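Peer 1: Below is the structure I would like to discuss, written out as structure tokens.
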Amino acid sequence: MELIHDAQNKQQVRKALQMVAPLQIIWPTETDCARALSDFTAYYLSHKVGLIDALIAACAVGRNATLCTFNVKHYRVIPGLNVDQPYSR
Numbered sequence: 784m785e786l787i788h789d790a791q792n793k794q795q796v797r798k799a800l801q802m803v804a805p806l807q808i809i810w811p812t813e814t815d816c817a818r819a820l821s822d823f824t825a826y827y828l829s830h831k832v833g834l835i836d837a838l839i840a841a842c843a844v845g846r847n848a849t850l851c852t853f854n855v856k857h858y859r860v861i862p863g864l865n866v867d868q869p870y871s872r
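Residue 784 is where the sequence shown starts when you use our numbering, and the numbers rise one by one after that.
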């Protein structure tokens, strides 16, 4: 959803959907949603953590997974989240 949110036109939406088509979808659990709400409430005003970002982070924390993102600085505030930049640009 976040990739589509950043799209500027229908072509970019199609490209984003094609890129993620082979990937497994991870749905948030009830626990993930509760954590996302807690993190969003705690860090929205102080660090501008968005609602979708809080959900993505909570899913990663709930599965003890590393979140690969270029927005490492933005996610750094989330406790228990392992963040890694996938490659240098």
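Each residue gets a CB set at the ideal place from its N, CA and C atoms; glycine is no exception. Owing to the predicted nature of the structure, the values given are computational and were not obtained by experimental measurement.
Can you look up T814 in the DSSP assignment and give me helix, strand or coil?
Peer 2: Start at 1 with the first residue of the sequence shown, and residue 814 comes out as number 31. T814 falls in the helix class under three-state DSSP.
Peer 1: Within this structure, are the beta carbons of R818 and V860 separated by less than 9 Å?
Peer 2: The sequence position of residue 818 within the sequence shown is 35, counting from 1. The sequence position of residue 860 within the sequence shown is 77, counting from 1. No, they are not a contact pair.
Peer 1: Looking at the unbroken beta strand (DSSP E) that takes in D867, where does it start and where does it end?
Peer 2: Counting from 1 along the sequence shown, the entry for residue 867 is found at position 84. Where D867 is concerned, the enclosing beta strand (DSSP E) stretches over 865–867.
Peer 1: Nearest to M802 by alpha carbon, out of Y870, F823, M784, H857?
Peer 2: The residue you call residue 802 lines up with position 19 of the sequence shown. It is M784.
Peer 1: Take the Cβ of A848 as the centre, count every other Cβ of all protein chains shown within 10 Å, and call the residue buried at 16 or more, exposed below.
Peer 2: In the sequence shown, the residue the question calls residue 848 occupies position 65. Exposed is the call here.
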